[in-house]
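Asker: Here the protein sequences line up with chains R and W, keeping their order. Quick note on this note's numbering: the first sequence kicks off at 1 and runs consecutively. Quick note on this note's numbering: the second sequence kicks off at 1 and runs consecutively.
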Amino acid sequence: MGVEPERLSIRGVSKSFGPVRAVRNVSFSITPGTIHALVGENGAGKSTLVKIITGMQPPDSGEILLDGKVCKFFTPLDARRHGITAVYQDPKLFPHLDVAENIFMGFHPRTTFGLVSKRTMYAEADRMLADLGVKMDPRALLAGRSVAEIQFVEIIRAMCADLRLLILDEPTASLTPAESDRLFVVVDSLKRRGVSVLFISHRLDEVRRIADRVTVMRDGEHIVTAAAAEMTEADMVRRMVGRELTSLFVRGESRTPGAVMLEVKKLSLPGVFENVTMSVRAGEIVGLAGLVGAGRTEIAESIFGIRPPKSGKVVIDNVELKPSNPGQMLRKGVAYIPENRDDNGLLVDLSIASNICLAVLDRLGPLGFISRSAETRFARPFADDFEIKTTSLDAAAGSLSGGNRQKVVLAKWLGTEPKVFILDEPTHGIDIGTKSQVHQRISELAATGYPVLLISSDLPEILAMCDRILVVAAGRIVAEFARGEATQEKVMVAASRGSRSSDAGEERP
Amino acid sequence: MIGSSSSVLARRISTTLSRNTLRLRVFSVLLSLVALTAVFTLTTTNFLTLENLKVIAFNASLLTVVACAESLVVITRNLDVSVGSIIGLAGFIAAKFASANPHAGPLIIVVAVGIGLVLGLVNGMAVAYGRVPSIVATLGTLSIFRGITYVAGRGIEVPSGNLPRWMIHGADATVLGVPLVVLFALLIVLVLAFLSRSVPILRRVYAVGSNPGAAVFYGLRANRVVLFAFAVCGALVGLAAFLYISRVGTITVNLGRDWEMMALAAVVLGGVSTTGGSGSILGVLFGALILSTIDNGLVLARAPEFWRMFIQGLAIVGAIALDAGIERRIKAIFRHQRY
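(1) Can you give the beta carbon distance from E260 (chain W) to V81 (chain W), rounded, assuming they're within the 8 Å contact cut?
(2) Taking only beta-carbon atoms, is Y129 (chain W) less than 8 Å away from chain R?
(3) Considering N296 (chain W), what are the terminal residues of the alpha helix (DSSP H) in which it resides?
(4) Verify whether the separation of the beta carbon atoms of G277 (chain W) and I75 (chain W) is less than 8 Å.
(5) Considering just the uninterrupted stretch of the alpha helix (DSSP H) at V472 (chain R), what are its terminal residues?
(6) Could you name the residues that DSSP lists as bridge partners for D98 (chain R)?
(7) DSSP has F28 (chain R) in a bridge; who is on the other side?
(8) Quick one: what's got a C-beta closer than 8 Å to A226 (chain R)'s C-beta in the same chain, skipping five residues either side?
(9) Along chain W, which residues have their Cβ under 8 Å away from the Cβ of T75 (chain R)?
(10) Identify whether Y450 (chain R) lies in helix, strand or coil by the three-state DSSP scheme.
(11) Along the segment 200 to 213 of chain W, where does the CB come closer than 8 Å to a CB of chain B? Name the residues.
(12) Mind checking whether V26 (chain R) and V39 (chain R) have CB atoms under 8 Å apart?
(13) For the segment 195 to 210 of chain W against the segment 89 to 106 of chain R, do three or more pairs of beta-carbon atoms, one drawn from each stretch, fall closer than 8 Å, so that the two count as touching?
(14) Excluding sequence positions up to five away, which residues of its chain have a Cβ less than 7 Å from the Cβ of L202 (chain W)?
(15) Measure from the alpha carbon of L115 (chain R) to the alpha carbon of each residue in W:A324, W:L33, W:V191, then state which is nearest.
(16) Cβ of G290 (chain R) within 8 Å of Cβ of V471 (chain R)?
(17) I need the straight-line Cα distance from A300 (chain R) to I352 (chain R), nearest angstrom please.
(18) Under 8 Å between C-beta atoms, does G277 (chain W) make it to chain R?
(19) If you measure between the beta carbons of H36 (chain R) and F199 (chain R), is that distance less than 8 Å?
(20) Taking a cut of 7 Å between CB atoms, which residues from the segment 39 to 72 of chain W lie near chain R?
(21) Does the beta carbon of S198 (chain W) sit closer than 8 Å to a beta carbon anywhere in chain R?
(22) In chain order, what residues of the same chain have a beta carbon less than 8 Å from the beta carbon of T186 (chain R), not counting five sequence neighbours either side?
(23) Between G475 (chain R) and E274 (chain R), which are expected to be in contact by the criterion C-beta below 8 Å, what is the C-beta distance as a whole number of angstroms?
(24) Ordered along the chain, which non-local residues of its own chain (more than five positions away) have a Cβ less than 6 Å from that of G114 (chain W)?
(25) Thinking C-beta only, is G238 (chain W) closer than 8 Å to L117 (chain W)?
(26) Which chain W residues sit within Cβ distance under 8 Å of G449 (chain R)?
(27) Cutting at 6 Å between CB atoms, please list the residues of its own chain near L139 (chain W), excluding the five before and the five after it.
(28) For the segment 330 to 340 of chain R against the segment 375 to 384 of chain R, are there 3 or more C-beta pairs whose distance is under 8 Å?
(29) Comparing the C-beta of F94 (chain R) with each C-beta of chain W, is any distance below 8 Å?
(30) Report all residues from its chain with a CB closer than 6 Å to the CB of I422 (chain R); omit the five preceding and five following residues, and keep chain order.
(31) So does the segment 89 to 106 of chain W actually touch the segment 280 to 290 of chain W, counting three or more Cβ pairs closer than 8 Å?
(32) Assign D424 (chain R) to buried or exposed, taking buried as 16 or more other Cβ atoms, counted over all protein chains shown, within 10 Å of its Cβ.
(33) Using 8 Å for Cβ pairs, my map puts P171 (chain R) next to L183 (chain R). What's the rounded Cβ distance?
(34) Taking CB distances under 8 Å as the criterion, tell me whether A315 (chain W) reaches chain R.
(35) Does DSSP put H36 (chain R) in a helix, a strand or coil?
(36) Of all Cβ atoms in chain W, is any one closer than 8 Å to the Cβ of V348 (chain R)?
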């Protein structure tokens, strides 16, 4: 250790929840003015460690040193007062209040009478926004800001209290690439002011790009801390999963696809997407690539009848129709698995078996009565087939991890014997190990002859999984690539070129 | 974000919409007040007279104070359905105290407000620390407070003749033709409206209602803020009870019955979101004015009592449906921008 103490030293920190040892004897240090990445699979103990650092949970043993002094925080506010703040994936802000109040809530600038000094508040907010190079009206309501803007508000809020360590928990998960770039510029300016940043991300390319040092955790243990320049993505992945992984799951040899099962003809919904035409054959996986917000989800929702299209037709197994509601499309054999599993795809309080049976309830018993045992009987083969990791099918679906939840949703739809699968971001927020299991499952769907339309923002995933790749930008299909000819660069160029021309004002300078 | 020029336009419109929704909402309340006035002016003979407007203002003043109190609780994502019983208990005890101590003076106000405060604290403790859902907790205290009033009353009523002179006179007094009670209520509401925008703790009331989960990250102790809202609500309702007893002829143990419904109606009509976080005190003032106008107009139009209740219920459901629609729109915009 040099003359200057480390910003944060974690020494022998452990934490158990019942029999689960979430964090085991972890020690590492974060240097002042550096960006320190923390990577690991889901359940590696990253979140628990963050909770310990920010005082949400006390450690069972071990200590934390801030700038060389032992610190014990009892609440997140306590940690904040010492200059440690975490920005989480789901914004911890107040949508009904304006931007400035969101920054100052809890420590409003006051007049001599103890009232809120609005003039100081808005002026300060204006200054801080400008300081970080963010263009935003401090008087605007928070509801209506983009995810990126909301994160900037959280960061600015954090900076009010002599920020020393900023923890970003999966900050880019729901940002567009352009928004991520803006965030990185902000993070960089923090770094230059001497703030340390603990950056947690599943996106290893980002880690390589912005981090100075990387710490890998696995099963609650500290595996390695090294300079980012010395670790390739493959190095990080290998240490995260503890086994060699040459790359993501790659599908085997290409097969000859069968007949066209899903055909979309000139589908339009003005203002959202225009003139979308595509087809998916039996046994084929077609990818819809593009930037977040390009209209891919909207196209899928339209095919499934959630957003009925204004014009155009959908042909499923040679039956032509115009989608008008999800019930109709379900009966025609469309299985749509939405992006947000917990909101749209899973009833977290119901049992795993009930969830698997949800779409086929009318088939489970006489006169529409359903018995538990019939549910379990029906669900069992699917659960086994999908290797859903659980002690019992009666356990609540909410008790499963992200990857296993996704498997339950897939199993549910497979039970309806659909003709077409539409998967929207099936591996969003899932750790790498489970991710490749989900990939394997999807490719098995295709191998058994199901046509699959796969929406994903994860380029390596699209490249590894799809037979054909359609690029959507600004509501139109702007490019198509066969499996062999697509590269990340080509897809990215098509996706950004198609959108930038019409929406230049929104892009980063 | 990415999108065609049309979606950029749509977003700009939607942003403006969401920013102005609250203003639009208050405006719509004002507009319906004007419409109601027009309808009653045309259908009844003596609606738009100075004398009648004074009656409306008089009736609205008490309701406004109670509704503003209630709105503080609603903004925290809770409900207080016991306000009618708080009026009953605080009012009845204060009246008994006043008739037993004719020279008590302003101490009577202290008694009424104090009882209201204590009852509000009881509600607040049950909700904030007992973790009882507010509608259940206050439904319970609705019965409990009323029951205590019955026990304390033992079937006895307090005739207003037993109250100190200054209370009776105060209720009838006018300043420049405006009843003193109206001015007093207006003062309370305006002060509260001002404070709700500039007192840190009241801003926290909004914050906690807007996103209770976020409150802990801001160091806001949500349960304290909720307790505070219930306590202030109780105290204000106690104050309203004091105004009430100086006005009614005979103070019975049934004082303030069904007021919770009227107060809630005024709150939701005034545009306070039942899902918490938003709403303005001035909106509530208009909500109370509308209800009082409807009441008055129906009496003048000789409509049966049933219609009063029917319209009150319809107004509640209609206003909440309207708000739910607005909220849905905002959320749809939000989602569209996110993904």
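From the three backbone atoms N, C-alpha and C, an ideal C-beta is built for every residue, glycine too.
Answerer: Based on what the coordinates show:
(1) So it is a contact: roughly 5 Å between Cβ atoms.
(2) With a threshold of 8 Å between beta carbons, Y129 (chain W) makes no contact with chain R.
(3) Residues 281 to 300.
(4) Against a cut-off of 8 Å, the Cβ pair of I75 (chain W) and G277 (chain W) comes out as a contact.
(5) Run containing V472 (chain R): none in the alpha helix (DSSP H); it sits in the beta strand (DSSP E), 468 to 473.
(6) For D98 (chain R), which the question treats as bridged, DSSP gives the partners R:L141.
(7) Partner(s): R:I10.
(8) Shown here for A226 (chain R): same chain residues with a beta carbon closer than 8 Å to its own, the five before and five after excluded, namely R213, V214 in chain order.
(9) Here the neighbours are V216, G219.
(10) It is coil, neither helix nor strand.
(11) Structure shown: chain B not included; protein chains present are R and W.
(12) No. Outside cutoff.
(13) With three or more CB-CB distances shorter than 8 Å, the segment 195 to 210 of chain W counts as touching the segment 89 to 106 of chain R.
(14) For L202 (chain W), same chain residues with a beta-carbon under 7 Å away, outside a window of 5 residues either side, are L195, S196 in chain order.
(15) Considering only W:A324, W:L33, W:V191, the residue with the shortest C-alpha distance to L115 (chain R) is W:V191.
(16) Taking C-beta atoms as the reference points, G290 (chain R) and V471 (chain R) count as a pair closer than 8 Å.
(17) About 26 Å.
(18) Yes - at least one Cβ of chain R is within 8 Å of the one on G277 (chain W).
(19) Cβ atoms of H36 (chain R) and F199 (chain R): closer than 8 Å.
(20) Look at the segment 39 to 72 of chain W: it has no residue with a C-beta under 7 Å from a C-beta of chain R.
(21) Chain R, which has a Cβ nearer than 8 Å to the Cβ of S198 (chain W), makes this yes.
(22) Correcting the residue identity first, residue 186 (chain R) is Val in this sequence and not Thr. Excluding positions up to five away in sequence, the list reads L132, G133, V134, F152, I155.
(23) In this structure G475 (chain R) is in contact with E274 (chain R), their Cβ atoms being roughly 6 Å apart against a cut-off of 8 Å.
(24) If we look at G114 (chain W) and ignore the five residues flanking it on each side, it has no Cβ neighbours.
(25) Yes; because the gap between Cβ atoms is below 8 Å, this pair is in contact.
(26) Residues of chain W passing the Cβ test: none, with the nearest at roughly 31 Å.
(27) For L139 (chain W), where only same-chain residues beyond five positions count, the Cβ hits under 6 Å are V81.
(28) Segments in contact, no.
(29) At least one chain W Cβ lies under 8 Å of F94 (chain R).
(30) So the list reads A300, Y336, L453, once near-sequence residues are dropped.
(31) With fewer than three CB-CB distances shorter than 8 Å, the segment 89 to 106 of chain W does not count as touching the segment 280 to 290 of chain W.
(32) Counting the other CB atoms within 10 Å of its CB gives D424 (chain R) a total of 16 or more, which places it among the buried residues.
(33) 6 Å between Cβ atoms; contact.
(34) No - not a single Cβ of chain R is within 8 Å of the one on A315 (chain W).
(35) In this structure, H36 (chain R) counts as strand in the three-state DSSP scheme.
(36) No, V348 (chain R) does not count as interfacial toward chain W.
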